[in-house]
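According to the UniProt record's numbering, the sequence shown holds residues 1 to 127 in order. Don't be surprised by glycine CBs; every beta carbon is placed ideally from N, CA and C.
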Amino acid sequence: MFTHIVVGSNDIARSKKFYDAIFEAMDIPPSEVHANGRLIYAKHGQRFVVTKPIDGKPATPANGGTIGLEAATTAMADAWHKAGVANGGQAIENPPGIRQTPMGPLYLAYLRDPDGNKLCIGCKVPA
């Protein structure tokens, strides 16, 4: 469905600590800071990029936007959430857990990254 997602950051070093930790919980290796100052995380041909805005203005989170990530298990979602909070993220909404959705029950966890971007991780609940 997508090739890449890009979020802005006002502090790449702070973002690296946060994103390295949450993606490690998903078995995605840490990113180096590339020559252009960006962080790039990759899996299955998809990319998640963290960068200072090209226009030089401060990075701000999307109003109403959420970036959803897929967890293989509820344990992975819990590890992701714990790593995010321990590395500068903010737990938001309800604690990680099962939510009834139009797609059936899903296990979901939500965070804001250090720049305020809203992230969600989820997986289907075994029947």
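Query                                                                                                                        : Result
What residues match up with residue 85 in a beta bridge as DSSP calls it?                                                    : According to DSSP, which records beta bridges pairwise, residue 85 is partnered with nothing at all.
Touching or not, the segment 36-47 and the segment 92-104, by the rule of three or more beta carbon pairs under 8 angstroms? : no
Classify residue 24 as helix, strand or coil using the three-state DSSP reduction.                                           : helix
With DSSP run on the structure shown, which of helix, strand or coil describes residue 124?                                  : strand
In angstroms with no decimal places, state the Cα-to-Cα distance between residue 32 and residue 40.                          : 8 angstroms
Output yes or no for whether 8 angstroms exceeds the beta carbon distance between residue 124 and residue 66.                : no
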